[in-house]
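One rule links them: number in this note's numbering = place in the sequence shown (from 1) + 115.
Think of the CB as a built atom: it goes at the ideal place given N, C-alpha and C, for glycine as much as any other residue.
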Amino acid sequence: MDVLQLLEELEDIIESGSTIPFAHRVMVDKGELLEIVKEIRIHLPDEMKQAQWIKEERQRILQEAQREGERTIEEARKHSESLVEEDEIVKMARAKAEEIIKHAQQASRDMKQSAREYTDELLQDAEETAREMLDVISENRKELHRMNQS
């Protein structure tokens with residue numbers, strides 16, 4: 116069972132608990148709540164591992180884009196060096212090589228930017244999920260404290 120399901124189960128227990136008239140309090144099974152909180156603690160590291168994986172995946176994608184861009188630029192340079200011939204052909208080859216290098220550099224920048232945007236979206240989703248979980252946990256802990264004080 117994942118953390119969100121456990122939090123929903125926690126909410127269900129609180130919602131279905133016996134209400135205390137005029138007190139805005141609910142009676143629930145303490146052991147049952149503590150067991151769910153224990154399960155949340157167990158599963159929460161999995162969510163953190165997923166966020167770490169996303170971070171590492173982002174780094175891997177950026178490095179791969181960097182290598183691909185460098186390889187493309189190197190291929191363009193090698194190609195431009197192999198185009199050395201007669202005067203007019205050399206001029207045409209240089210112009211073509213510069214164009215290839217510019218395209219390769221632009222392609223490299225585009226790939227890096229796309230990789231950054233993709234990993235940023237992944238990290239943003241993970242961050243939002245983690246925040247939502249922390250908000251729910253915080254609210255549930257507050258409710259538990261309120262129940263314990265009554």
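query	result
Burial state of residue 180 (16 or more Cβ within 10 Å)	buried
Per-residue burial, residue 133 [other beta carbons within 10 Å of its own, 16 or more giving buried]	exposed
Proximity test, residue 172 beta-carbon vs the ligand SAM heavy atom, cut-off 6 Å	For the structure depicted, the ligand SAM is absent and the ligand set is empty, with no information on it obtainable.
Buried or exposed by the 16-neighbour rule on C-beta atoms within 10 Å, applied to residue 149	exposed
Selection from 217, 170, 178, 168 that minimises the alpha carbon distance to residue 192	217
The alpha helix (DSSP H) enclosing residue 131, as first and last residue numbers	118-131
Residue 251 (DSSP reduced to helix, strand or coil)	helix
Inside the region 200-241 only - alpha helix (DSSP H) runs reaching at least 4 residues	none
Assigned secondary structure, residue 141 (DSSP; H/G/I helix, E/B strand, else coil)	strand
Beta-carbon contacts of residue 213 that lie in its chain and below 8 Å, excluding the five residues immediately before and after	195
Contact under 7 Å by Cβ, residue 141 with residue 129	yes
The region 238-253 touching the region 117-127, judged by at least three CB pairs closer than 8 Å	yes
Alpha-carbon spacing of residue 147 relative to residue 174, whole angstroms	41 Å
Between the CA atoms of residue 244 and residue 224 - distance to the nearest angstrom	30 Å
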